[in-house]
Amino acid sequence: MSVPVPPLARSALDRDAESRTAPDLFDRLDAADDVRVLPIWRGRALMAERVDGSAPELALLPPGEVPASGIRIYLGRTVSADGGPSLRIVARVLDDDDAHGLEPEEARWAGLRTVVTGLADRDAGLFTEAVALANWHESHRHCPACGAPSTPEQGGWVRRCTVEDRQIFPRTDPAVIVLVTDDRGRVLLGSNAMWEQHRFSVLAGFVEPGESLEAAVVREIEEEAGLAVSDVRYLGSQPWPFPASLMVGFAASVEDPDAVRPDGEEIVELRWYTREALADAAGEIALPGASSIARWMLEQWYGGDIDGHA
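Read in full-length UniProt numbering, the sequence shown has 36 at position 36, and its numbers run on one by one without any break.
And the structure:
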């Protein structure tokens with residue numbers, strides 16, 4: 001079912017940033033009754049079956065049930081719409097031995113893209129935040145300036161160089177993703193050279209240094225499709241922590257759709273689809289996955305679920 005916000009943009013969490021610098025933060029959290037731990041292993045979270053048999057939810061465990069080794073990240077405090085009790089959540093990034101010791105059945109460890117559309121807002125936000133920060137820690141074990149080891153601090157939201165005492169903060173790489181339409185009600189879809197045959201999506205690209213989001217939209221569509229766009233409009237955004245992107249969605253219009261041409265390097269094929277033609281193409285082309293903002297944008301344009309497309 002089409003949802004009002006992109007799947008990974010959902011959250012029900014107060015990140016409680018002011019608590020990150022508290023002395024002995026994790027010692028205090030480990031001793032508190034309102035704290036639960038989200039185990040993360042290789043980008044996957046431990047899942048728990050629901051009593052009613054519906055889609056699984058995140059397994060949030062008491063601190064004493066999860067191995068204490070590995071990086072710890074204070075994710076924040078859950079927020080309840082009905083004013084119910086909140087929980088403070090810590091992610092623990094486990095190695096293979098600790099993960100298998102906690103839960104040896106790999107089927108209970110699920111990837112974000114696999115399960116996020118079935119998660120409630122709270123769990124979707126927690127999982128996305130945990131994966132984003134776990135990926136950052138994995139890629140920043142050393143100072144990017146001098147190469148010395150770095151160590152986590154401030155609740156897992158900062159790393160510090162052990163030689164030059166430099167603070168290292170998590171980074172996010174912005175990318176624009178664009179729903180291009182023409183005056184005949186058609187949407188432009190492209191196939192990337194790195195994808196399997198018959199996979200199509202809306203066009204996207206990273207924002208370059210010194211460039212606005214709107215300028216990136218114009219440049220990317222001209223580079224990849226040879227089209228001049230206008231009426232650039234913001235649609236929404238969502239994090240894409242694979243490893244560290246923020247996907248910023250826009251719509252744009254073209255006056256001369258017949259000028260379309262793939263760049264031949266990154267984009268190898270471009271097609272215009274009406275809503276009816278896209279529905280008819282089920283089984284012939286593959287569309288972006290349900291967890292992506294690309295799929296969300298397409299379904300907002302389409303007016304609902306695009307039946308028959310995985």
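Backbone N, C-alpha and C define an ideal beta-carbon position, used for all residues, glycine too.
Since the model is a prediction, treat every value here as computed from it, not as a measurement.
Exercise. Can you check whether the CB of residue 157 is closer than 8 Å to the CB of residue 8?
Worked result: no
Exercise. What's the call for residue 80, buried or exposed, on a 16-neighbour Cβ count within 10 Å?
Worked result: exposed
Exercise. In chain order, what residues of the same chain have a beta carbon less than 6 Å from the beta carbon of residue 243, not counting five sequence neighbours either side?
Worked result: 135
Exercise. Given residue 57, which residues of its chain have a CB within under 8 Å of its CB, disregarding the five upstream and five downstream residues?
Worked result: 47, 48, 50, 119, 120 and 123
Exercise. Given residue 18, which residues of its chain have a CB within under 6 Å of its CB, disregarding the five upstream and five downstream residues?
Worked result: none
Problem set entry | residue 94 versus residue 298: straight-line alpha-carbon distance, rounded | 36 Å
Exercise. Thinking C-alpha only, which one of 44, 112, 166 and 20 is nearest residue 103?
Worked result: 44
For this session: Check residue 69 in the structure and name its three-state DSSP category.
Result: coil
Exercise. Taking Cβ to Cβ, would you say residue 11 is nearer than 8 Å to residue 117?
Worked result: no
For this session: Taking the CB atoms as reference points, tell me whether residue 133 and residue 13 lie closer together than 8 Å.
Result: no
Problem set entry | Neighbourhood of residue 203 by C-beta distance below 8 Å, restricted to the same chain and skipping five residues each side | 177, 178, 180, 188, 190, 220, 221, 224, 225 and 267
Exercise. Would residue 148 pass as a contact of residue 164 if the rule is Cβ separation under 8 Å?
Worked result: yes
Exercise. Is residue 163 helix, strand or coil by DSSP?
Worked result: coil
Exercise. Exposed or buried, what is residue 145 when buried is set at 16 or more other beta-carbons lying within 10 Å of its beta-carbon?
Worked result: exposed
Problem set entry | For residue 183 and residue 110, the rounded distance between their alpha carbons | 42 Å
For this session: On a CA-only basis, which of 253, 173 and 27 is nearest residue 186? Give me that one, please.
Result: 253
Exercise. Which residue spans inside the segment 214-287 form an unbroken alpha helix (DSSP H) run of at least 4?
Worked result: 275-280
Exercise. Where residue 246 and residue 205 are concerned, what is the direct C-alpha to C-alpha distance, given to the nearest angstrom?
Worked result: 11 Å
Problem set entry | Simplified DSSP assignment, three categories, for residue 153 | strand
Problem set entry | Collapsed DSSP secondary structure at residue 6 in the structure displayed | coil
For this session: Select from 285, 278 and 233 the residue whose C-alpha is nearest the C-alpha of residue 196.
Result: 285
Problem set entry | Other residues of its chain near residue 306: CB distance less than 7 Å, five sequence neighbours each side excluded | 278, 279, 287, 298 and 299
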